[in-house]
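Some notes on the structure that comes next.
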Amino acid sequence: MAPPLSTWSVRPFALRDVTLGRGLFADKRQLMLDHGRGYDVDRLLQVFRANAGLSAKGAVAPGGWEGARPTPTRSATCSTP
Numbered sequence: 001m002a003p004p005l006s007t008w009s010v011r012p013f014a015l016r017d018v019t020l021g022r023g024l025f026a027d028k029r030q031l032m033l034d035h036g037r038g039y040d041v042d043r044l045l046q047v048f049r050a051n052a053g054l055s056a057k058g059a060v061a062p063g064g065w066e067g068a069r070p071t072p073t074r075s076a077t078c079s080t081p
């Protein structure tokens, strides 16, 4: 049984003191890490490098959201009419 809420206290702790045990969160975290590692880094950075005047290292922009051409979403501004 847990202690009464009135006896709980909050204390700062270092991130190194936290461990992630087995479970759903750890499984999903690993799935996302594995998925992210599957991307070609040079291809993802192509647009950023081109905008900065750097070599794109022969990579082609991934297209869609990260395409080289402006899209209505990318060129939208946050203004009110």
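Each residue of the sequence shown is one higher than the last, beginning at 1 in the UniProt record's numbering. The beta-carbon is built from N, C-alpha and C at its ideal position, and this holds for glycine as well. Treat the numbers as computed from the prediction; the structure is a model and nothing was measured.
- Message: On the CB-based measure, 16 or more other CB atoms within 10 Å of its CB, does Gln-46 come out buried or exposed?
- Response: Your numbering for residue 46 matches position 46 in the sequence shown. Buried: at least 16 other Cβ atoms inside 10 Å.
- Query: Between Gly-53 and Pro-12, what straight-line distance do the alpha-carbon atoms span, to the nearest angstrom?
  - Reply: Reading the sequence shown from its first residue, position 53 is the one you call residue 53. Reading the sequence shown from its first residue, position 12 is the one you call residue 12. The alpha-carbon atoms of Gly-53 and Pro-12 are separated by roughly 44 Å.
- Query: If we ignore side chains and look at the alpha-carbon of each, how far apart do Gly-38 and Lys-28 end up?
  - Reply: Indexing the sequence shown from 1 puts residue 38 at position 38. Indexing the sequence shown from 1 puts residue 28 at position 28. Near 16 Å, if we compare the C-alpha coordinates of Lys-28 and Gly-38.
- Is Arg-49 near Val-60, with beta carbons less than 8 Å apart? Counted from its first residue, the sequence shown places residue 49 at position 49. Counted from its first residue, the sequence shown places residue 60 at position 60. No, the Cβ-Cβ distance between Arg-49 and Val-60 is not below 8 Å.
- Query: Alpha carbon to alpha carbon, how far is Ala-14 from Leu-20?
  - Reply: Residue numbering aside, residue 14 sits at position 14 when the sequence shown is read from its first letter. Residue numbering aside, residue 20 sits at position 20 when the sequence shown is read from its first letter. Taking the straight line from one Cα to the other gives about 14 Å.
- Item | For Leu-5, the three-state DSSP class (helix, strand or coil) | As a first step, residue 5 must be located in the sequence shown, where it is residue number 5. In the structure shown, Leu-5 sits in a helix (DSSP, three-state: H, G or I).
- Query: Just reading off the alpha helix (DSSP H) that Arg-37 is part of, what are its end residues?
  - Reply: What you label residue 37 is simply residue 37 of the sequence shown in a count that begins at 1. Unbroken alpha helix (DSSP H) run through Arg-37: 24-37.
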